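Chains as they are written, first to last, in my numbering: chain A, 4 to 254; chain B, 4 to 254; chain C, 68 to 337; chain D, 68 to 337. Here's the structure, in structure tokens; my notes come after.
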Amino acid sequence: MSRPAEATSDEVQTIVAARRLTGVRSVFIGVGRPSTAAILASEVHNPDLVLVYESGTIGAKPRRVPLSIGDGELAETADFVVSVPEMFNYWIGPGRIQTAFLGAAQVDRFANLNSTVIGDYEHPRTRLPGAGGAPEIAAGCGEVVIVAPHSPRTFVERLDFITTVGHGAGPGDRERLGFRGAGPTAVVTDLGVLEPDPDTKELVLVQVHDGVTAEAVQQATGWELRIASELRVTEPPTAEELGALRELVAR
Amino acid sequence: MSRPAEATSDEVQTIVAARRLTGVRSVFIGVGRPSTAAILASEVHNPDLVLVYESGTIGAKPRRVPLSIGDGELAETADFVVSVPEMFNYWIGPGRIQTAFLGAAQVDRFANLNSTVIGDYEHPRTRLPGAGGAPEIAAGCGEVVIVAPHSPRTFVERLDFITTVGHGAGPGDRERLGFRGAGPTAVVTDLGVLEPDPDTKELVLVQVHDGVTAEAVQQATGWELRIASELRVTEPPTAEELGALRELVAR
Amino acid sequence: MAELVSLAEGVTTLVHDGDAVALEGFTHLIPFAAGHEILRQGRTELELVRMTPDILYDQMVGAGAARKLVFSYAGNPGVGSLHRLRDAVEHAWPRPLELEEHSHAGMANRYAAGAAHLPFGVLRGYVGTDLAARTTIAPITCPFTGEQLTAVPALNPDVAIVHAQEADRAGNVQLWGIPGVQKEAVLAATRSLVTVERIVDALEPRPGGVVLPTWAIDAVAHVPGGSLPSYAHGITERDNAFYRAWDAISRDRTTFTAWMDDNIMNGATA
Amino acid sequence: MAELVSLAEGVTTLVHDGDAVALEGFTHLIPFAAGHEILRQGRTELELVRMTPDILYDQMVGAGAARKLVFSYAGNPGVGSLHRLRDAVEHAWPRPLELEEHSHAGMANRYAAGAAHLPFGVLRGYVGTDLAARTTIAPITCPFTGEQLTAVPALNPDVAIVHAQEADRAGNVQLWGIPGVQKEAVLAATRSLVTVERIVDALEPRPGGVVLPTWAIDAVAHVPGGSLPSYAHGITERDNAFYRAWDAISRDRTTFTAWMDDNIMNGATA
Chain A
4 MSRPAEATSD
14 EVQTIVAARR
24 LTGVRSVFIG
34 VGRPSTAAIL
44 ASEVHNPDLV
54 LVYESGTIGA
64 KPRRVPLSIG
74 DGELAETADF
84 VVSVPEMFNY
94 WIGPGRIQTA
104 FLGAAQVDRF
114 ANLNSTVIGD
124 YEHPRTRLPG
134 AGGAPEIAAG
144 CGEVVIVAPH
154 SPRTFVERLD
164 FITTVGHGAG
174 PGDRERLGFR
184 GAGPTAVVTD
194 LGVLEPDPDT
204 KELVLVQVHD
214 GVTAEAVQQA
224 TGWELRIASE
234 LRVTEPPTAE
244 ELGALRELVA
254 R
Chain B
4 MSRPAEATSD
14 EVQTIVAARR
24 LTGVRSVFIG
34 VGRPSTAAIL
44 ASEVHNPDLV
54 LVYESGTIGA
64 KPRRVPLSIG
74 DGELAETADF
84 VVSVPEMFNY
94 WIGPGRIQTA
104 FLGAAQVDRF
114 ANLNSTVIGD
124 YEHPRTRLPG
134 AGGAPEIAAG
144 CGEVVIVAPH
154 SPRTFVERLD
164 FITTVGHGAG
174 PGDRERLGFR
184 GAGPTAVVTD
194 LGVLEPDPDT
204 KELVLVQVHD
214 GVTAEAVQQA
224 TGWELRIASE
234 LRVTEPPTAE
244 ELGALRELVA
254 R
Chain C
68 MAELVSLAEG
78 VTTLVHDGDA
88 VALEGFTHLI
98 PFAAGHEILR
108 QGRTELELVR
118 MTPDILYDQM
128 VGAGAARKLV
138 FSYAGNPGVG
148 SLHRLRDAVE
158 HAWPRPLELE
168 EHSHAGMANR
178 YAAGAAHLPF
188 GVLRGYVGTD
198 LAARTTIAPI
208 TCPFTGEQLT
218 AVPALNPDVA
228 IVHAQEADRA
238 GNVQLWGIPG
248 VQKEAVLAAT
258 RSLVTVERIV
268 DALEPRPGGV
278 VLPTWAIDAV
288 AHVPGGSLPS
298 YAHGITERDN
308 AFYRAWDAIS
318 RDRTTFTAWM
328 DDNIMNGATA
Chain D
68 MAELVSLAEG
78 VTTLVHDGDA
88 VALEGFTHLI
98 PFAAGHEILR
108 QGRTELELVR
118 MTPDILYDQM
128 VGAGAARKLV
138 FSYAGNPGVG
148 SLHRLRDAVE
158 HAWPRPLELE
168 EHSHAGMANR
178 YAAGAAHLPF
188 GVLRGYVGTD
198 LAARTTIAPI
208 TCPFTGEQLT
218 AVPALNPDVA
228 IVHAQEADRA
238 GNVQLWGIPG
248 VQKEAVLAAT
258 RSLVTVERIV
268 DALEPRPGGV
278 VLPTWAIDAV
288 AHVPGGSLPS
298 YAHGITERDN
308 AFYRAWDAIS
318 RDRTTFTAWM
328 DDNIMNGATA
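What follows is the structure, encoded as structure tokens:
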């Protein structure tokens, strides 16, 4: 296989997110890049990965990246399809899905998410789509991996609206709120990877993509970012990963 | 068609019960004689009658009287089949089924039913099957028709156990308990038909089968039975009804 | 028993000004044709209810037919914002739009409670979010364990409208593919209209088939292609190109209005 | 992920003395073979859970394996009483049997709450009956309307055992026909065993098919005819003659015991 062109930062983000699904049994997928990453993972790392979409399709095997989470191919290829009430009551709520891949418009230092409004709720500067399934998915699934573009607009000191609780105000908050899952375990961006500190639950930069500096990540983050003492550098995409991703997106 | 042999009192009971389903849209069916009557009605009086069995089969079209409410033929011929939770939550509870045909081991003067125990609950003389779906069916369905053999053991002054509320202690009780349906509108026995008095809700003998006297019915009833001033006499089974019933039972 | 009617008749009889109307569909089987007919008939002051408002509700809100929106996720899936909906919320154009906002789990349980004719549903949810203070929920305590959970009020729209693949001549309906929350919406609503791709002699039971019996529906209208640019699994394809094109059409008020006039308001009644 | 095991292994690993065990099946797909294996392995002090105990639980109660029965309707459908169960309740033979009794609606909602891992379910029921004072329910008030309804505690058995038509080699299960409450029972239970009529290469989606994914099940055992004298829709026929014959077999303690020795206890392990 001939060495493909250099990977873009978006491609690296998707590939790094996909690697997170090696050895994972089932993943709940939001629309967009999380979907691309999960399909890539099932093709490259984890053929047995169970893809679960909010639309009720469990064990879907899409060959193309669906535009919506309810494309026909998802139902045609699913192991089974359930109603929306069943999806949330019997499958997501009880924590039967291991990992959730979610996006968001705003992320704070405790990996709480905003997908509701920018600005004041009553008089928003930008009205966003709203909660969807995210709050209960983030509460119920075994762990949450957030996939978001790294910019000061997204990684903010203070959310305009708490749509989805990550680690709340810090240690013990999830337990206090009665959540079952472990909550966010990673935030994968186009610059690197943040993980919550085991003790403080505050997001720490633990990994940067090839050629990205910690300073660059700090500049793209709206709060004073903690940097891991041993900052890992992302393993560059393999030819297989990059080839598979480009082939997938081109389908 | 040659005049068939004289109808037995059981046959008359079944035929009279079946007549109650003329013009009814849907009927919920308990096992046994109610089932025979409902199938007969769908064959003789009401081809569009929707038969609903507790097992989740809605719009079943059995050609034979099923031994259990879950025989395969019910699922094969049903318009659709639902889970037990859906049956009670989406179909019975909201009162989507018009008429319920129920049996019981004991019936009192307000058409309350016992199918739990004879004697004391902790030390029963006879342990009966229990409630099954009856309490919520009788509460939710549009009306209830009780089909029971007429004897002092069945028609008692006082139930050993209130399994299913008919008209409770009299007028207003169903409303007070928040029930949606009208409750029992008739008790069809092998001797005649009892209907609740519109004001007192107490069962009144309004009809006797051909050759049965009011005295005979009183003797088979464990309380001082009210008799309608104009006591109707059951229209004898037609050759068509009796032929169809015997053919059905013989299948 | 459901009557077989034309789409125009169905909307005229069942949808009134000021009604709470749920045109449901979870990406799949969205009843576009019925929504357009509601606009053509000039219904107004509507309370639009749907878990996932997309282009159809963007059109209805942009046309000024709605007073209020009850929802859990409002977006153009895979494309981005609903610009007409944003314009209504951000700039009250063409009129202010009241929002009643929930999560998917909350809306699904509100519909399920409505279908069961129960006054509320119970779930674990909303706690710790800013949504809790902005919506219609209440804490409820388990009488057995003492755990505090969240109650959501039942959702019982005045009218539910859904699209399905087929109905028989008696008005029994079957849909398959992604079932969403359509069964709950129809059973929860006071009145219901189902548009179908085709009328058949008898419903063949199918894998994943959801049946709505004629006695649980008010009217059925034969509207082939009635869910386009959404799709009817096995019969029509989702028009992803249109979902993408809508972004440009809907960004600008004038472009939007002109498009609606040309394509919906002056379109032929189905 | 479900392991493919022999019935004997499955029961040995998953069913322990004193467990709350739900062998579910609503007339259809009753897991007789698994129940018989539990008896052959001498499990005792069981809390038997099932909406509709029939011949299988009559056998298990008559054999003295059960300490308690949680149920809503205990009868031999269309035939009459369960004589062994009556003997246990009326005369404590072979041992006393504790009863926890509900209505079908109550049990169905208890399983549904269990499957959702919620602590309780809500319904309109029990009011005005003598059952209300004899069972595990509590009043609950709607926080929105003030209406008082009934809460039932979630049912989460230690083990659920169900029978299905088929599984693939990965342990994914499909059943069809009358679905009863089996999906809820499996999802509500801590552990689960599914016996199947056949192992197939791939599950073909079917009308009314209920799929239980391998990752929601602990073990699958290949047990053809495993639901007889009940039936597996499309594969085996219900043995109505045996249901009738059971009445005579079970009336008398000695006849019953002899029959069990000859037909179950000394029967070959599946």
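Glycine included, every Cβ here is placed at the ideal spot set by N, Cα and C. Computed from a predicted structure; not experimentally measured.
Strand pairing of residue i, partner residues [DSSP]
i                 : result
Arg130 of chain A : A:Val120
Phe360 of chain C : For residue 360 of chain C there is no data in the structure shown, the boundaries of chain C being 68 and 337.
Asn19 of chain C  : Beyond the ends of chain C as shown, which are 68 and 337, falls residue 19 of chain C; an answer cannot be given.
Thr167 of chain A : A:Leu116
Ile207 of chain D : D:Leu216
Gly195 of chain B : B:Val211
Asp235 of chain C : C:Val267
Phe83 of chain B  : B:Ile61
Through-space distance from residue j to residue i, alpha-carbon basis
i                 : j                 : result
Met90 of chain A  : Gly59 of chain A  : 6 Å
Val287 of chain C : Leu106 of chain C : 19 Å
Ser317 of chain C : Arg151 of chain C : 6 Å
Ala299 of chain C : Gly122 of chain B : 59 Å
Leu116 of chain B : Arg191 of chain D : 18 Å
Leu270 of chain D : Glu233 of chain D : 8 Å
Pro37 of chain B  : Leu105 of chain B : 7 Å
Thr25 of chain B  : Leu242 of chain C : 31 Å
Asp86 of chain D  : Glu243 of chain B : 56 Å
Limits of the unbroken beta strand (DSSP E) element including residue i
i                 : result
Arg235 of chain A : Arg229 to Val236
Tyr56 of chain B  : Val53 to Tyr56
His103 of chain C : Where His103 of chain C is concerned, there is no enclosing beta strand (DSSP E), although the alpha helix (DSSP H) it sits in stretches over Phe99 to Arg107.
Leu260 of chain D : Arg258 to Val267
Phe31 of chain A  : Ser29 to Ile32
Phe187 of chain D : Phe187 to Leu190
Thr188 of chain B : Pro187 to Val191
Gln215 of chain D : Gln215 to Pro220
Thr102 of chain B : Thr102 to Leu105
Pro239 of chain A : Neither: Pro239 of chain A is in no beta strand (DSSP E) and is coded neither H nor E.
Span of the alpha helix (DSSP H) around residue i
i                 : result
Gln249 of chain D : Gln249 to Ala255
Ile149 of chain B : No alpha helix (DSSP H) contains Ile149 of chain B, which is instead part of the beta strand (DSSP E) from Glu146 to Val150.
Gly77 of chain C  : Leu74 to Leu81
Val309 of chain D : Note that residue 309 of chain D is Phe in the sequence shown here, rather than Val. That run of the alpha helix (DSSP H) goes Asn307 to Arg318.
Gly246 of chain A : Ala242 to Ala253
Asp13 of chain B  : Ser12 to Arg22
Ala137 of chain B : Ala137 to Gly143
Gly62 of chain B  : First-last for Gly62 of chain B: Thr60 to Ala63, but that is the beta strand (DSSP E), not the alpha helix (DSSP H).
Pro43 of chain B  : The residue asked about is misnamed: residue 43 of chain B is Leu in this sequence, not Pro. Segment Arg36 to Val47, the alpha helix (DSSP H) holding Leu43 of chain B.
Within 7 Å, strictly: CB atoms of residue i and residue j
i                 : j                 : result
Leu254 of chain C : Ala182 of chain C : yes
Gln158 of chain A : Gly225 of chain A : One point to set straight first is that residue 158 of chain A is Phe, not Gln, in the sequence displayed. Taking 7 Å as the Cβ cut-off, Phe158 of chain A and Gly225 of chain A qualify as a contacting pair.
Arg258 of chain D : Leu222 of chain D : no
Ile100 of chain B : Ser29 of chain B  : yes
His130 of chain C : Leu113 of chain C : Sequence inspection shows Ala at residue 130 of chain C; the His mentioned does not correspond to that position. Against a cut-off of 7 Å, the Cβ pair of Leu113 of chain C and Ala130 of chain C comes out as no contact.
Gly173 of chain B : Val147 of chain B : no
Cβ-heavy atom distance, residue i to the ligand SAH, below 6 Å
i                : result
Glu14 of chain B : Because no ligand of any kind appears in the structure shown, any question about the ligand SAH cannot be addressed here.
Identify each residue in the segment 154–187 of chain A for which the Cβ-Cβ distance to at least one residue of chain D is less than 9 Å, and report them in chain order.
-> Arg183
Going along the segment 271–295 of chain C in order, which residues come within less than 7 Å of chain D, judged by CB to CB distance?
-> Pro272, Arg273, Pro274, Gly275 and Gly276
Report the residues of the segment 129–143 of chain A with a CB closer than 9 Å to any CB of chain C, ordered along the chain.
-> Thr129, Arg130, Leu131, Pro132, Gly133, Ala134, Gly135, Gly136, Ala137, Pro138, Glu139, Ile140, Ala142 and Gly143
Residues from the segment 133–151 of chain C in contact with chain A, defined by Cβ distance under 7 Å | Phe138, Ser139, Tyr140, Ala141, Gly142, Pro144 and Gly145
When Cβ atoms are compared, which residues of the segment 86–117 of chain B fall closer than 7 Å to chain C?
-> Asn92, Tyr93, Gly96, Pro97 and Arg99
May I ask you to list, following chain order, the residues of the segment 224–244 of chain D that have a beta carbon less than 9 Å from some beta carbon of chain A?
-> Ala237, Asn239 and Gln241
With 8 Å as the limit, tell me which residues of the segment 61–88 of chain B have their beta carbon closer than that to any beta carbon of chain C; keep them in chain order.
-> Ile61, Gly62, Asp82 and Phe83
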